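Trainee: Residues in the sequence shown are numbered from 186 upward in steps of one, following our numbering.
Ideal Cβ placement from N, Cα and C applies to all residues, glycine included.
Predicted, not measured: the structure shown is a model, and the values here were computed from it.
Got a structure for you, written out below as structure tokens; questions coming shortly.
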Amino acid sequence: MLANPFTLPEDSHSLVKPKRSLDRETFLLLVAMCLGVVLTLFVVMFNLTPQFSTPQTSKGSEPSSPAVTSPSDTLSPDHVPLATGNEPIDTLFIQSGCAACHTIPGIDAAKGREGPILVLGTTARQRLADPSYHGRATTEWEYVQESILDPGAYVVPGYPDRVMPRWYGQKLSATALEKIVSYLLTVQDPSASTDAPPSPRS
186 MLANPFTLPE DSHSLVKPKR SLDRETFLLL VAMCLGVVLT LFVVMFNLTP
236 QFSTPQTSKG SEPSSPAVTS PSDTLSPDHV PLATGNEPID TLFIQSGCAA
286 CHTIPGIDAA KGREGPILVL GTTARQRLAD PSYHGRATTE WEYVQESILD
336 PGAYVVPGYP DRVMPRWYGQ KLSATALEKI VSYLLTVQDP SASTDAPPSP
386 RS
């Protein structure tokens, strides 16, 4: 009897199966390789992305971009409790936020560099005499008080304006303000050659 030319040999199925299995393995291998390439590209791109950080500015230089953050940016009236003036002087400066931006001799925690060193027993007189001073103070006491309540009245050369908060009048009681001013007027710059006492409070 003649063999049917359209009939596959009995062992033909065993020849086809390995090929089908090989195709599936090849497909899975290609998928795995593609996933590996994509994952590798993702990791490389992530590592090459610039990591932005806050640029450091030296004392007296203005930040190059308004996006630069400073300690004063984190101060807000909501985060600063009302100072009554009953606090110890170091606690008063820390609680009010002064220590975050200023170095204040005699206050160990006040090592800030955002604003000028507060040696107002020496510098208040000099700033009142500065031709660029346009505030209303006529005495050193008034100047220090004004520099807290209206810091834009005189901006110390080399320091940017609008860094010091304008809302301290809402957060300092009269007693706290008086205590701060009194202390700051006692702080002298040891490198200055002046023996004149601060002008009296008017």
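1) Please tell me whether L267 and K364 are closer than 8 Å, where the distance is taken between their beta carbons.
2) For M349, does the count of other Cβ atoms within 10 angstroms reach 16, so buried, or fall short, so exposed?
3) Can you check DSSP and say which residues form a bridge with A268?
4) If you measure from the beta carbon of T288 to each beta carbon in chain B, is any gap under 8 Å?
5) Helix, strand or coil, according to DSSP, for T288 in the structure here?
6) Which residue's Cα is closest to the Cα of E325: P273, Y339, L305 and Y318?
7) Between Q279 and I292, what straight-line distance do the alpha-carbon atoms span, to the nearest angstrom?
8) From this set, P375, G354, G343 and L220, which residue's C-alpha is nearest G300's C-alpha?
9) Return the chain-ordered list of same chain residues with a C-beta closer than 7 Å to the C-beta of S373, the five sequence neighbours on each side being excluded.
10) How far does the alpha helix (DSSP H) with Y328 in it extend, from its first residue to its last?
11) Once the 5 residues before and after K296 are set aside, which same chain residues still bring their CB inside 6 Å of it?
12) Rounded to whole angstroms, how far is the Cβ of G270 from the Cβ of T360, which I believe are closer than 8 Å?
13) Mind checking who K296 pairs with in its DSSP beta bridge?
14) Using the Cα positions of M218 and D208, report the straight-line distance between them to the nearest angstrom.
15) Considering only the alpha carbon of each residue, which of P336, V341 and P290 lies closest to R351?
16) What does the alpha-carbon distance come out to for the pair S281 and P316?
17) Looking at the structure shown, is M349 part of a helix, part of a strand, or coil, going by DSSP?
18) Over the uninterrupted alpha helix (DSSP H) stretch that includes I302, give me the two end residues.
Mentor: Let me lay it out:
1) As a position in the sequence shown, residue 267 is number 82, starting the count at 1. As a position in the sequence shown, residue 364 is number 179, starting the count at 1. Contact flag unset, no.
2) Mapped onto the sequence shown, residue 349 falls at position 164. Looking at its Cβ environment, which holds 16 or more other Cβ atoms inside 10 Å, M349 is buried.
3) Numbered from its first residue, the sequence shown carries residue 268 at position 83. Answer by DSSP bridge pairing, in chain order: L357.
4) Among the chains in the structure shown there is no chain B, since it carries only a single protein chain.
5) Here residue 288 is taken as the residue at index 103 of the sequence shown, counted from 1. Of the three classes helix, strand and coil, the one that applies to T288 here is strand, per DSSP.
6) Indexing the sequence shown from 1 puts residue 325 at position 140. Of the candidates P273, Y339, L305 and Y318, the one whose C-alpha sits nearest the C-alpha of E325 is L305.
7) Here residue 279 refers to the residue found at position 94 of the sequence shown. Here residue 292 refers to the residue found at position 107 of the sequence shown. Contrary to the premise, residue 279 reads as Ile rather than Gln in this sequence. Roughly 9 Å between the two C-alpha positions.
8) What you label residue 300 is simply residue 115 of the sequence shown in a count that begins at 1. Among P375, G354, G343 and L220, the Cα nearest to that of G300 is on G343.
9) Numbered from 1 along the sequence shown, position 188 holds the residue referred to as residue 373. According to the sequence shown, residue 373 is Gln rather than Ser. Hits under 7 Å: V304, G306 and T307.
10) Within the sequence shown, numbered from 1, the residue matching residue 328 stands at position 143. E325 to L334 is the span of the alpha helix (DSSP H), which, as asked, contains Y328.
11) Position 111 of the sequence shown holds residue 296. So the qualifying residues of the chain are T288.
12) In the sequence shown, counting from the first residue as 1, residue 270 sits at position 85. In the sequence shown, counting from the first residue as 1, residue 360 sits at position 175. Yes, G270 and T360 are in contact; Cβ-Cβ is about 3 Å, under 8 Å.
13) The count along the sequence shown starts at 1 and reaches residue 296 at position 111. K296 pairs with T288.
14) On the sequence shown, position 33 is the one that residue 218 refers to. On the sequence shown, position 23 is the one that residue 208 refers to. About 15 Å.
15) For the purposes of this step, residue 351 is taken as residue 166 along the sequence shown, with counting starting at 1. Among P336, V341 and P290, the Cα nearest to that of R351 is on P336.
16) As a working note, residue 281 is residue 96 in the sequence shown. As a working note, residue 316 is residue 131 in the sequence shown. Their backbone Cα atoms lie some 30 Å apart in a straight line.
17) Counting from one through the sequence shown, the residue named residue 349 turns up at place 164. Three-state result, M349: coil.
18) By 1-based counting over the sequence shown, the position of residue 302 is 117. From DSSP, I302 is part of no alpha helix (DSSP H); its letter is neither H nor E.
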